[in-house]
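**Student:** Residue numbers (the numbering used here): 27 to 94. All C-beta atoms, glycine included, are put in the ideal place defined by N, C-alpha and C.
As structure tokens, then:
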């Protein structure tokens, strides 16, 4: 299946669809699309689909943390 390509060697899912990324980030799918279009969130394109790497989502979260 295609999903097999998104599983890394440790057995963890690495690539998320826009909808899955939205759930992961606590945002709407449109919000994730806007982040991708604006270049704020890197993506992997292939086969007419857009996926987001979990490492990029973690980096996005770290960059947008507020202290205080």
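(1) If we count the other Cβ atoms within 10 Å of its Cβ and call it buried at 16 or more, is residue 42 buried or exposed?
(2) Kindly indicate which three-state DSSP category residue 38 falls into: helix, strand or coil?
(3) CA-CA distance, residue 70 and residue 91?
(4) Which residue marks the beginning of the alpha helix (DSSP H) containing residue 90, and which one marks its end?
(5) Could you give the first and the last residue of the continuous alpha helix (DSSP H) run that contains residue 59?
**Tutor:** According to the structure shown:
(1) Burial call: buried.
(2) Annotated three-state conformation of residue 38 is coil, per DSSP.
(3) Rounded to whole angstroms, the gap between the alpha carbons of residue 70 and residue 91 is 24 Å.
(4) No alpha helix (DSSP H) holds residue 90; DSSP gives it neither H nor E.
(5) Looking at the DSSP string, the run of the alpha helix (DSSP H) that includes residue 59 is 55-63.
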